[in-house]
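As numbered in full-length UniProt numbering, the sequence shown has no gaps in its residue numbers, which increase by one up to the final residue, 316.
Glycine included, each C-beta is placed from N, C-alpha and C at the ideal position.
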Amino acid sequence: MSRPRSADPAGSGRKRSAADRLGAAVSAVTAAGPAPRRHSITGRPVVITGAASGIGRALATRLSRLGSPVALADVDEDGLKATAAALPGRVLTRVLDVRDARDQRRFAGEVREWLPAPLAAVFNNAGVALTSTVLDAVPEDDDWLHDIDFRGVVHGTRAFLPILVEQGEGAIVNTSSVFGLLGMPYQSAYCAAKFAVRGFTESLRQELRGTAVRAVTVHPGGVTTNIARNARMRRDPEGLGRTREEMAARFEAMTMTSPEKAAAIIHAGVDRGKARILVGPDAYLFDALARITPTHYHAVLSRVMKRPRRTEAALP
């Protein structure tokens with residue numbers, strides 16, 4: 001016969017709910033204080049894909065000037081040469097289509113042979129864009145974007161992760177987007193790829209727990225790069241008859257961050273051991289809206305995005 005439970009007005013003897021257990025676990029983690037600062041990547045070797053322009057070029061320029069040997073890759077050979085020619089330090093360049101997993105592994109092998117010191121970070125940064133309604137989307141265009149923006153990140157991670165694991169330290173830094181935080185009209189393929197990068201990297205981060213190898217997601221907001229001008233677009237999805245150039249100009253008018261400023265934010269975030277890096281004030285807005293009103297954020301954004309803003313000046 002079971003014994004009657006004594007009254008427990010304070011509730012201290014009751015079984016803890018799942019929410020109670022979760023709260024206790026969070027409290028235990030936060031009470032332990034911040035994680036120890038990771039090794040800085042400044043002055044140490046790094047790999048950067050998508051280095052021919054935009055954020056990739058700005059990262060290469062910034063880190064090279066601060067003493068890092070840089071291994072750079074891009075499918076744009078002329079742009080890659082231009083980036084390398086402007087750098088003061090040691091440089092390895094490789095014309096690379098990130099869609100090719102075998103070529104990514106070959107590049108990783110070349111970097112391993114070239115490395116003057118342990119590899120500090122791999123920036124899987126190459127990306128493209130596509131503008132289309134869901135109904136007008138062409139499967140070949142979707143595949144093109146996903147092969148570069150998502151599978152290119154996966155291939156790069158799998159190619160270079162063994163080097164970092166063998167070293168026992170380093171960072172895989174994968175570029176997602178604010179469109180990996182919330183969905184936007186006419187960007188279904190791009191959002192899907194960037195959400196996938198986020199999920200892939202967050203899963204990897206859990207697999208790497210307890211090691212000194214990090215998995216970092218980067219979520220840039222509007223950055224003044226060539227991605228909009230190089231995007232694929234069958235026609236103006238809003239039916240206004242605008243050209244690619246007109247739509248690119250509209251995007252650029254709304255950007256809030258220069259590539260140089262974006263590179264500085266990303267560099268600082270990796271140096272500080274951040275697991276997730278938001279780039280630009282609009283990225284913080286998008287992140288907040290996705291949390292506060294996950295099903296109604298577009299009504300707010302549609303009003304904010306109608307106001308053009310000036311791009312920030314480049315850092316010295």
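For this session: Kindly list the residues whose CB is nearer than 7 Å to the CB of I163, restricted to its own chain and excluding five residues on each side of it in sequence; keep chain order.
Result: In the sequence shown, residue 163 corresponds to position 163, counting from 1. The residues are A108, R112, L119.
Exercise. Looking at C-alpha atoms only, which residue of A121, L135, E77 is the closest neighbour of L161?
Worked result: Taking the first residue of the sequence shown as 1, we reach residue 161 at position 161. Checked all of A121, L135, E77; the closest Cα to L161 is A121.
Exercise. How many whole angstroms separate the CB atoms of A196 and L130, which I take to be in contact at a CB cut-off of 8 Å?
Worked result: The residue you call residue 196 lines up with position 196 of the sequence shown. The residue you call residue 130 lines up with position 130 of the sequence shown. That belief does not hold up - the Cβ atoms of A196 and L130 are roughly 14 Å apart, past 8 Å.
Exercise. Do G43 and G127 come within 8 Å of each other at the CB atom, strictly closer than that value?
Worked result: For this step, residue 127 is matched to residue 127 along the sequence shown. For this step, residue 43 is matched to residue 43 along the sequence shown. It is not a contact, given that the beta carbons lie outside the stated cut-off.
For this session: Flag this pair as touching only if the region 51-69 and the region 130-146 have three or more C-beta atom pairs under 8 Å; answer yes or no.
Result: For the pair of segments examined, the region 51-69 was found not to touch the region 130-146: the number of CB pairs separated by less than 8 Å stays below three.
Exercise. Taking L66 as the reference, which of R90, G56, D74 has the closest Cα?
Worked result: Mapped onto the sequence shown, residue 66 falls at position 66. Comparing Cα positions, the closest option is R90.
For this session: Quick one: using the 10 Å Cβ neighbour count with 16 as the cut-off for buried, is P185 buried or exposed?
Result: Counting from 1 along the sequence shown, the entry for residue 185 is found at position 185. Here P185 is exposed: its Cβ has fewer than 16 other Cβ atoms, across all protein chains shown, within 10 Å.
Exercise. With 16 other CB atoms within 10 Å as the buried threshold, where does A71 fall?
Worked result: Taking the sequence shown and counting its residues from 1, the one referred to as residue 71 is at position 71. Using a 10 angstroms sphere on the CB of A71, the tally of other CB atoms reaches 16 or more, which defines it as buried.
Exercise. Considering only residues of the same chain and omitting the five flanking positions on each side of R205, which have a CB-CB separation below 7 Å?
Worked result: Your numbering for residue 205 matches position 205 in the sequence shown. If you ignore the 5 residues before and after R205, its C-beta comes within less than 7 Å of the C-beta of A215, A275, all in its own chain and listed in chain order.
Problem set entry | Neighbour-count burial assignment, V138, 16 or more Cβ in a 10 Å radius | Locating residue 138 in the sequence shown gives position 138, where the first residue counts as 1. By the 10 Å Cβ count, V138 comes out exposed.
Problem set entry | Contact under 8 Å by Cβ, H219 with L181 | For the purposes of this step, residue 219 is identified with residue 219 of the sequence shown, where counting begins at 1. For the purposes of this step, residue 181 is identified with residue 181 of the sequence shown, where counting begins at 1. Between H219 and L181, the C-beta spacing is below 8 Å.
For this session: Quick one: grab the DSSP three-state call for T157.
Result: Looking up residue 157 in the sequence shown gives position 157. Reduced to three states, the DSSP call for T157 is helix.
Exercise. Does the beta-carbon distance from I55 to N125 come in below 8 Å?
Worked result: Within the sequence shown, residue 55 is the residue found at index 55, counting from 1. Within the sequence shown, residue 125 is the residue found at index 125, counting from 1. In this structure, I55 places its C-beta atom within 8 Å of the C-beta atom of N125.
Exercise. When we look at the beta-carbon of S68 and count the other beta-carbons within 10 Å, is it buried (16 or more) or exposed?
Worked result: The count along the sequence shown starts at 1 and reaches residue 68 at position 68. By the neighbour-count rule (16 or more Cβ atoms within 10 Å), S68 is buried.
Problem set entry | Cα-Cα separation between V268 and R198, rounded to whole angstroms | As a position in the sequence shown, residue 268 is number 268, starting the count at 1. As a position in the sequence shown, residue 198 is number 198, starting the count at 1. Note on residue identity: the sequence assigns Ala, not Val, to residue 268. Whole-angstrom Cα-Cα distance: 20 Å.
For this session: For Q187, write down the residues that DSSP places opposite it in a beta bridge.
Result: Here residue 187 is taken as the residue at index 187 of the sequence shown, counted from 1. The bridge partners DSSP lists for Q187 are S132.
Exercise. Which value, in whole angstroms, describes the spacing of the CA atoms of T201 and P88?
Worked result: On the sequence shown, residue 201 is found 201 positions in, with the first residue counted as 1. On the sequence shown, residue 88 is found 88 positions in, with the first residue counted as 1. Distance from the CA of T201 to the CA of P88, rounded to the nearest whole angstrom, comes to 32 Å.
Exercise. Helix or strand or just coil, what does DSSP make of T217?
Worked result: Residue numbering aside, residue 217 sits at position 217 when the sequence shown is read from its first letter. Correct three-state label for T217: strand.
For this session: Could you check if R291 is buried or exposed, using at least 16 other CB atoms within 10 Å of its CB as the buried criterion?
Result: For the purposes of this step, residue 291 is taken as residue 291 along the sequence shown, with counting starting at 1. Exposed is the call here.
Exercise. Should D282 and V178 be called a contact, given that it needs their Cβ atoms to be closer than 8 Å?
Worked result: As a working mapping, residue 282 is identified with position 282 in the sequence shown. As a working mapping, residue 178 is identified with position 178 in the sequence shown. The Cβ atoms of D282 and V178 sit closer than 8 Å to each other.
For this session: Pick helix, strand or coil for I172, following the three-state DSSP scheme.
Result: One-based indexing of the sequence shown puts residue 172 at position 172. Annotated three-state conformation of I172 is strand, per DSSP.
For this session: Go to F123, then tell me how far its beta strand (DSSP E) extends in each direction, as first and last residue.
Result: Position 123 of the sequence shown, counting from 1, holds the residue named residue 123. Start and end: 121-124.
Problem set entry | Within 8 Å, strictly: CB atoms of L96 and D103 | The sequence position of residue 96 within the sequence shown is 96, counting from 1. The sequence position of residue 103 within the sequence shown is 103, counting from 1. Using a Cβ distance threshold of 8 Å, L96 and D103 count as a contacting pair.
Exercise. Would DSSP call R209 helix, strand or coil?
Worked result: Stepping through the sequence shown from its first residue, residue 209 is reached at position 209. DSSP, reduced to helix, strand and coil, places R209 outside both helices and strands of the structure shown, so it counts as coil.
Exercise. Does DSSP put V98 in a helix, in a strand, or in coil?
Worked result: As a first step, residue 98 must be located in the sequence shown, where it is residue number 98. Here DSSP, grouped into helix, strand and coil, assigns V98 to coil.
Exercise. If you draw a straight line from the alpha carbon of D76 to that of E169, how long is it in whole angstroms?
Worked result: What you label residue 76 is simply residue 76 of the sequence shown in a count that begins at 1. What you label residue 169 is simply residue 169 of the sequence shown in a count that begins at 1. One C-alpha to the other measures close to 30 Å.
Problem set entry | Short CB-CB distance (under 8 Å) between I163 and chain B | No chain B is part of this structure, which consists of one protein chain only.
For this session: Could you tell me if L80 is buried or exposed, where buried requires 16 or more neighbouring beta carbons within 10 angstroms of its beta carbon?
Result: The residue you call residue 80 lines up with position 80 of the sequence shown. It counts as buried.
Exercise. In three-state terms, what does DSSP make of V138?
Worked result: The count along the sequence shown starts at 1 and reaches residue 138 at position 138. Here V138 sits in coil by DSSP.
Exercise. Under a three-way DSSP split, which group does L92 fall into?
Worked result: In the sequence shown, the residue the question calls residue 92 occupies position 92. The three-state reading of DSSP puts L92 in strand, counting E and B together.
Exercise. Mapping DSSP to helix, strand and coil, what is L278?
Worked result: Here residue 278 refers to the residue found at position 278 when the sequence shown is read from its first residue. Here L278 sits in strand by DSSP.
For this session: Mind checking who I48 pairs with in its DSSP beta bridge?
Result: Along the sequence shown, one-based indexing puts residue 48 at 48. BP columns for I48 point to L72, F123.
Exercise. Where does T201 sit, in a helix, a strand or coil, going by DSSP?
Worked result: The residue labelled residue 201 in the question sits at position 201 within the sequence shown. Taken through DSSP and simplified to helix, strand or coil, T201 comes out as helix.
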